[in-house]
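Student: Before I ask anything, let me first share the structure, which is written out below as C-alpha cells.
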Amino acid sequence: MNGRRRAPRLLALALVLASMGALGLSPAKGGSMKVVSPKAHATAPGPKVMVQVEVRGLTLVAAGSPLKDGEGHLHFFIDVPAGNVKVGAMIPLDSTTRYVHAGKEPFDRREMELTPGRHTITVVAANNGHQRLASPRPVSVTFTVK
Ligand SMILES: [Cu+2]
Numbered sequence: 731m732n733g734r735r736r737a738p739r740l741l742a743l744a745l746v747l748a749s750m751g752a753l754g755l756s757p758a759k760g761g762s763m764k765v766v767s768p769k770a771h772a773t774a775p776g777p778k779v780m781v782q783v784e785v786r787g788l789t790l791v792a793a794g795s796p797l798k799d800g801e802g803h804l805h806f807f808i809d810v811p812a813g814n815v816k817v818g819a820m821i822p823l824d825s826t827t828r829y830v831h832a833g834k835e836p837f838d839r840r841e842m843e844l845t846p847g848r849h850t851i852t853v854v855a856a857n858n859g860h861q862r863l864a865s866p867r868p869v870s871v872t873f874t875v876k
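Per my numbering, the sequence shown runs over residues 731 to 876.
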C-alpha cells in the first residue's frame, strides 16, 4: 500500500533535483556563439543555405545524451525569435520548418531550404534534452536569399 504512494513522490523529488542542476539550466556561466556564415546582410544563393556557427563554452554532443552541465546542441530558428521558447522550455521537435535541431553531426552547421527574400536565422543552444539554455546566449543573422 505504502509502496504505491511512495513511487510518485520519489519521482517528484527526482524531477526537482534534476531541474536544479543536472539539466544545465543554472545561470549563465559565459560561453558565446557567433554566426560564421552567411555574413550579416549578405546575399546567399538559394534555395539551400548553409548556416555555420562558432561556439565557445558549450560542448556540442548528440541530442538525447545523458543530461550534463556544459553540454548541449544548437538549434536554428527560421524567422522565429529566440523569445518564442523561454529558457528552460523545450524547443519544439515537430516543427522542422521553423526549428531545426542540430542534434547530430555536424553539430555546428545546418543546411536549410529557404524561400527567396530576407530571412533571419537565430541560433539557440539547448541541453541534451532540447531545453533552452541561458548561455551561451542566442545569436541571429539576417541575410537575403536569391
Ligand atoms: Cu534539440
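All residues carry an ideal CB built from backbone N, CA and C; glycine is no exception.
Remember, it's a predicted structure, so these values are computed and weren't measured experimentally.
Hey, K876 and A772 are a contact pair by Cβ (cut 8 Å); roughly how many whole angstroms apart?
Tutor: Counting from 1 along the sequence shown, the entry for residue 876 is found at position 146. Counting from 1 along the sequence shown, the entry for residue 772 is found at position 42. 10 Å between Cβ atoms; not a contact.
Student: So which of D799, G847, D838 has the shortest CA-CA distance to T874?
Tutor: In the sequence shown, counting from the first residue as 1, residue 874 sits at position 144. Residue G847 is the option with its Cα nearest to T874.
Student: Mapping the DSSP letters down to three states, classify A812 as helix, strand or coil.
Tutor: Taking the first residue of the sequence shown as position 1, residue 812 is located at position 82. Helix.
Student: In the DSSP assignment, find the beta strand (DSSP E) that holds F873 and state where it starts and stops.
Tutor: Translated into positions along the sequence shown, residue 873 becomes position 143. Per DSSP, F873 belongs to the beta strand (DSSP E) from 869-875.
Student: Can you name, in chain order, every residue of its own chain whose Cβ lies under 7 Å from the Cβ of A819, other than the five neighbours on each side?
Tutor: Position 89 of the sequence shown holds residue 819. So the qualifying residues of the chain are Q861, R862.
Student: S762 bridges to which residues according to DSSP?
Tutor: Along the sequence shown, read from residue 1 onward, the residue named residue 762 stands at position 32. BP columns for S762 point to R786.
Student: Mind checking whether the beta-carbon of A856 lies closer than 7 Å to any heavy atom of ligand 1?
Tutor: On the sequence shown, residue 856 is found 126 positions in, with the first residue counted as 1. Yes, since a heavy atom of ligand 1 falls inside the 7 Å radius drawn around the Cβ of A856.
Student: Buried or exposed for V746, going by 16 or more other Cβ atoms inside 10 Å?
Tutor: Walking along the sequence shown from the start, residue 746 turns up at place 16. Low per-residue confidence applies at V746: pLDDT is 46, beneath 50, and the placement is therefore not dependable enough to give any value.
Student: Looking at the unbroken beta strand (DSSP E) that takes in E841, where does it start and where does it end?
Tutor: Within the sequence shown, numbered from 1, the residue matching residue 841 stands at position 111. First-last of the beta strand (DSSP E) with E841: 839-843.
Student: Consider the C-beta atom of I821 and the heavy atoms of ligand 1; say whether any pair is separated by less than 7 Å.
Tutor: As a position in the sequence shown, residue 821 is number 91, starting the count at 1. Yes, the beta carbon of I821 sits closer than 7 Å to at least one heavy atom of ligand 1.
Student: Examine the Cβ distances between the stretch 827-836 and the stretch 779-797 and report whether three or more of them are shorter than 8 Å.
Tutor: At 8 Å Cβ cutoff, the stretches touch.
Student: Shorter than 7 Å, the distance from the beta carbon of G833 to the closest heavy atom of ligand 1, or not?
Tutor: For the purposes of this step, residue 833 is identified with residue 103 of the sequence shown, where counting begins at 1. Yes, ligand 1 has a heavy atom inside 7 Å of this Cβ.
Student: With the cut-off set at 8 Å, would you say D838 and V785 are in Cβ contact?
Tutor: For the purposes of this step, residue 838 is taken as residue 108 along the sequence shown, with counting starting at 1. For the purposes of this step, residue 785 is taken as residue 55 along the sequence shown, with counting starting at 1. Cβ distance < 8 Å, so D838 and V785 count as in contact.
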